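Trainee: Taking UniProt numbering, I'd label the letters of the sequence shown as residues 1 to 228.
All C-beta atoms, glycine included, are put in the ideal place defined by N, C-alpha and C.
Computed from a predicted structure; not experimentally measured.
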Amino acid sequence: MTYPIVLDDVTKDFGGAPVLSGISLTINPGETVAVMGPSGSGKSTLLHCMSGVLTPTHGTVSFGTEHLSHLPDKKRSHLRLHNFGFVFQDGQLLPELTNLENIALPAMLNGVSRSKANKRAQHLLDQLGLGELATRRPAQVSGGQAQRVAIARALAIEPAIIFADEPTGALDQSTGHEVMQLLTSLVSQSGSTLIMVTHDVQVANWMNRRVEIRDGIIHDDRQLGGAR
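Shown next as structure tokens:
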């Protein structure tokens, strides 16, 4: 079962300077949300606070009955491991592991047996059209293929929420379109919530909601049609 992410009056300061100022926001299960804004607006900081990577200076971030902002580091890490998937701009795959091993690792860290984790990883690779690349390492595939592996890794634990930070930022337009098509399709099938930071309006249009951040506050919050 999944829950909404609820932010209540979240402020985040760095060195005494506010990056986020009094953000209140609810993202419901199954939503796909683009977080947009100019460079330095606070959108990545917002994503990191929502996912429990950063702790707000003031305010609360809740997932179900848990206040992420109040949890000890160990419990917060445990909650992320079991409920959240992450996709980054550069993939951040482990270079010494094969593509299949990279995908299987989060499930194994969740207590899934190696054989079951590998089976799930191979299934995801097949869905993404990368089945024949299972035994290759990240350096042996293209940027677009590596990002698809990163998407599969995020989905390996069947997470409640996927957090994506500029997942197409390092890709050309055609490859980025392909990656977004695959990502939104798989998220729709799984029922996960998708929260994605992007500067690209065309990428944002794949989502069903757009939240725009400017100078650390919510400037706009609107529903979109989505391209799915």
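1) With C-beta atoms as the reference, is Pro138 less than 7 Å away from Pro167?
2) From the DSSP output, in three-state form, read off Glu47 for me.
3) Give the C-beta separation of Val33 and Ile195 to the nearest angstrom, bearing in mind that I take them to be a contact with Cβ-Cβ under 8 Å.
4) Using the beta-carbon count (16 or more within 10 Å), is Ser24 buried or exposed?
5) Check whether the segment 206-220 touches the segment 53-66, taking contact to mean three or more Cβ pairs, one atom from each stretch, closer than 8 Å.
6) If you check the beta carbons only, do Ile151 and Val87 fall under 7 Å apart?
7) I need the DSSP call for Arg228, collapsed to helix, strand or coil.
8) Does the Cβ-Cβ distance between Leu183 and Leu128 come in under 7 Å?
9) Counting only the same chain and skipping the five closest in sequence on each side, list residues whose C-beta sits under 7 Å from that of Ser77.
10) Would you tell me roughly how many angstroms separate the C-alpha atoms of Thr2 and Pro29, rounded to the nearest one?
11) For the candidate residues Ile5, Ser44, Val112 and Gln92, whose alpha-carbon lies nearest to that of Val61?
12) Is it right to say Lys43 is buried, meaning 16 or more other beta carbons lie within 10 angstroms of its own, or is it exposed?
13) Alpha carbons only, please: which of Met207, Thr198, Glu212 and Ser113 is nearest the one belonging to Ser192?
14) For Ala17, which of helix, strand or coil comes out of DSSP?
15) Apart from the five residues on each side of it in sequence, which residues of its chain come closer than 6 Å, Cβ to Cβ, to Arg80?
16) Within its chain, find whatever has a CB closer than 7 Å to the CB of Leu47; leave out the 5 residues flanking it on each side and keep chain order.
17) Taking the Cβ atom as the reference point for each residue, do residue 230 and Asn110 lie within a distance shorter than 7 Å?
18) Is DSSP giving Ile23 helix, strand or coil here?
19) Of all the alpha helix (DSSP H) runs that stay within the bounds of the segment 112-161, which reach a length of 4 or more residues?
Mentor: Well, looking at it:
1) no
2) For clarity, residue 47 is Leu in the given sequence; the question names Glu instead. Leu47 falls in the helix class under three-state DSSP.
3) 5 Å
4) exposed
5) no
6) A distance below 7 Å separates the beta carbons of Ile151 and Val87.
7) Any answer about Arg228 is weak, because its pLDDT of 48 lies below 50 and its placement is not dependable; what the coordinates show is given next. If DSSP states are grouped into helix, strand and coil, Arg228 belongs with coil.
8) no
9) none
10) 6 Å
11) Closest in C-alpha terms to Val61, from the list Ile5, Ser44, Val112 and Gln92, comes Ile5.
12) buried
13) Met207
14) strand
15) Gly52
16) Val35, Phe163, Asp165, Ile195 and Val197
17) Outside the shown range of the chain, which is 1 to 228, sits residue 230, and nothing can be said about it.
18) strand
19) Listed in chain order, the complete alpha helix (DSSP H) runs (minimum 4 residues) inside the segment 112-161 are 114-127 and 143-155.
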